[in-house]
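To keep things clear, I will list the structure first and then write my remarks on it.
Written out as structure tokens, the structure is:
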């Protein structure tokens, strides 16, 4: 009876979670008078559904904790050590402890989800997970396109879409060939996040398309998602996302050579590939030119924020200032004589992690990451390697992979997929 109840919960909730995975539906848990939005704790629909999944899984398997150690004892131990260190720093020197504890609890929930993906690797194979997630992203691309056309949001607040127009204060726009356009938000907190998700999912479906071409299988579904997500990456007008996609494609060069040798690429596919390279390359060139001509302020702000992070590391090298706390130190370390203060999180993920967790916390995270990812590297299919390469590119100039819900979900989705591949666990059916 109990196991049946648990199975019912999982069968009902998991597909729903995958469909709404990147919705920003949320409710505030308080701290609404926080100085910055980044410090307000929210209960996201995705996190709530994850907790329900974990409850259902506990009904089925009471020994899930012991089984989690089988993934990698060192990975789990280092992660737990990180949680303890971060919690202690919040207690010891946290300025906004509510924001710190909220981030840590939510981080643990999403980390637990990546472990859960390992536990259900046989029941829910990777192709199923990625297909349902991708189907859930279809309307989000449509929402983003409508926002560009209308120049404002379309009112889907139940999905987490913010209310704004291109003239709203702080809303991101793009100046293209003498015209201003609203950049798409859809249900994401920023167009850069929208673009990052599109780029990573593009890499997955490009791999499926190439593999199906090699096997002479139907490519219609894969080609649809390739066009959808590459299009989403382009309309996001995110230089980081476009760069991440282009650099991630490096891993597919051997497959492209193999297809070319076997004459399995049609003229349409050659044209599509050429178009992506030309458009992507042109956008990067145009964006870089704009950066140096008229938008260098964006680059300078990132540079100065990274300087703030380095200053924090110098003063608090071992344990940092606490998670979600570094934004409160921007005013202390920003050089207002050279550039007006821009208060946002440090934009380089690695500097941000070290500033908030210190050398000790950063070391524990790297140990956990080594056993979760690098020890499995030779077993990972090309698409996961390409996804990781794209995430590394994103991490160098954007903070959202560890500061925003959508970014954390994207990051730990990739961690969860990686955990499925080693010499013992993953079925070969997931390698297409």
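In the UniProt record's numbering, the protein residues as written are 1 to 432.
Glycine included, each C-beta is placed from N, C-alpha and C at the ideal position.
- Taking one beta carbon from each stretch, the region 182-198 and the region 108-118 have fewer than 3 pairs nearer than 8 angstroms; the two do not touch.
- One alpha carbon belongs to residue 419, the other to residue 118, and they sit about 6 angstroms apart.
- In the DSSP assignment, residue 179 falls within the beta strand (DSSP E) that extends over 179-182.
- For the set 102, 158, 149, 80, the Cα lying nearest the Cα of residue 42 is the one of 102.
- Straight-line spacing of the CA atoms in residue 400 and residue 253 works out to 29 angstroms.
- When DSSP states are grouped into helix, strand and coil, residue 112 belongs to the helix group.
- In the three-state reduction of the DSSP assignment, residue 173 falls in the strand class, which pools E and B.
- Between the C-alpha atoms of residue 235 and residue 23 there is a straight-line separation of about 19 angstroms.
- With contact defined as three or more Cβ pairs closer than 8 angstroms, the region 333-344 and the region 378-391 are not in contact.
- Residue 245 and residue 394 have their C-alpha atoms roughly 10 angstroms apart.
- Within the same chain, 78, 81, 82 come within 6 angstroms of residue 364 by CB-CB distance, once the 5 residues on both sides are set aside.
- From the listed residues 241, 239, 214, the smallest Cα separation to residue 255 is found for 214.
- As the crow flies, the alpha-carbon of residue 414 is around 11 angstroms from that of residue 130.
- Counting the other Cβ atoms within 10 Å of the Cβ of residue 297 gives fewer than 16, which makes it exposed.
- Taking a contact as a CB-CB distance under 8 angstroms, the pair residue 143 and residue 154 counts as one, their CB atoms being some 6 angstroms apart.
- Per the DSSP secondary-structure output, residue 165 pairs in a beta bridge with 152.
- Annotated as distal: residue 205 and residue 219, with beta-carbon spacing of 7 angstroms or more.
- Distance from the CA atom of residue 39 to the CA atom of residue 96, rounded to whole angstroms, is 8 angstroms.
- In the three-state reduction of the DSSP assignment, residue 215 falls in the coil class.
- DSSP places residue 397 within a helical segment (H, G or I) once states are collapsed to three.
- As the crow flies, the alpha-carbon of residue 84 is around 12 angstroms from that of residue 76.
- Separation of residue 330 and residue 320 (C-alpha to C-alpha, rounded to the nearest whole angstrom) is 14 angstroms.
- Going by C-alpha positions, residue 58 is about 22 angstroms away from residue 44.
- Where residue 27 is concerned, the enclosing beta strand (DSSP E) starts and stops at 26-28.
- An exposed status is given to residue 2, since fewer than 16 other beta-carbon atoms sit within 10 Å of its beta-carbon.
- In the structure shown, residue 342 adopts coil according to DSSP, grouped into three states.
- Within the region 15-95, the alpha helix (DSSP H) runs of at least 4 residues that lie entirely inside it are, in chain order, 45-60, 64-71, 73-93.
- Using a C-beta cut-off of 8 angstroms, the region 337-356 makes contact with the region 309-327, since at least three inter-stretch Cβ pairs fall below that distance.
- Cβ-Cβ separation between residue 199 and residue 241: approximately 4 angstroms, consistent with a contact (criterion under 8 angstroms).
- Boundaries of the alpha helix (DSSP H) harbouring residue 220: 220-235, taken from the DSSP string.
- If you look at residue 358, you'll find it in the alpha helix (DSSP H) that goes 349-372.
- Secondary structure of residue 322 (DSSP, three-state): coil.
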